[in-house]
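**Student:** In our numbering, the protein residues as written are 1262 to 1383. Got a structure for you, written out below as structure tokens; questions coming shortly.
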Ligand SMILES: [Zn+2]
């Protein structure tokens, strides 16, 4: 993920979070401070655009307080962000979960070769 995209997604996550928590402003003071902080961390990240795992990286260089806050944001906004930034693997998981209820049965019964149904379909 490029730095720019990373910043954009941080921004949207914090916006989502702030709104979702019913904070007074579109982006309240606390949340915009958090955003500033997060963006700042991101800019200073030694890995820059070559970050191997940007998901975890920012969290690691946060101060404990900010880390706690950004964790809350991510916990809240993460699943919602999937709507905007679909992650294939997670979508897959959700999909599997959704279709879990109606299992079509493990394959077809074996041993019955040949004739099936007499007048099953019309
Ligand atoms: Zn807020």
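The C-beta atom is built at its ideal place from N, Cα and C for all residues, glycine as well.
1) Could you check if residue 1326 is buried or exposed, using at least 16 other CB atoms within 10 Å of its CB as the buried criterion?
2) How is residue 1286 classed by DSSP in three states: helix, strand or coil?
3) Check whether the Cβ atoms of residue 1274 and residue 1333 sit closer than 7 Å, and answer yes or no.
4) Terminal residues of the continuous alpha helix (DSSP H) containing residue 1273?
5) Closer than 6 Å: is that where the CB of residue 1276 sits relative to any heavy atom of ligand 1?
6) For residue 1299, count the other beta carbons within 10 Å of its own beta carbon; 16 or more makes it buried, fewer makes it exposed. Which is it?
7) Determine the DSSP secondary structure at residue 1337, reduced to helix, strand or coil.
**Tutor:** Taking the definition as stated:
1) Locating residue 1326 in the chain shown gives position 65, counting from the first residue. Counting of Cβ neighbours within 10 angstroms places residue 1326 among the exposed residues, the total staying below 16.
2) The residue labelled residue 1286 in the question sits at position 25 within the chain shown. The answer is coil: DSSP assigns residue 1286 none of H, G, I, E or B.
3) As a position in the chain shown, residue 1274 is number 13, starting the count at 1. As a position in the chain shown, residue 1333 is number 72, starting the count at 1. The Cβ-Cβ distance between residue 1274 and residue 1333 does not fall below 7 Å.
4) Start at 1 with the first residue of the chain shown, and residue 1273 comes out as number 12. DSSP places residue 1273 in the uninterrupted alpha helix (DSSP H) bounded by 1264-1281.
5) Here residue 1276 refers to the residue found at position 15 of the chain shown. Here the distance from the Cβ of residue 1276 to the nearest heavy atom of ligand 1 is not below 6 Å.
6) Position 38 of the chain shown holds residue 1299. Label assigned to residue 1299: buried.
7) The residue you call residue 1337 lines up with position 76 of the chain shown. Collapsing the DSSP output to three states places residue 1337 in a helix.
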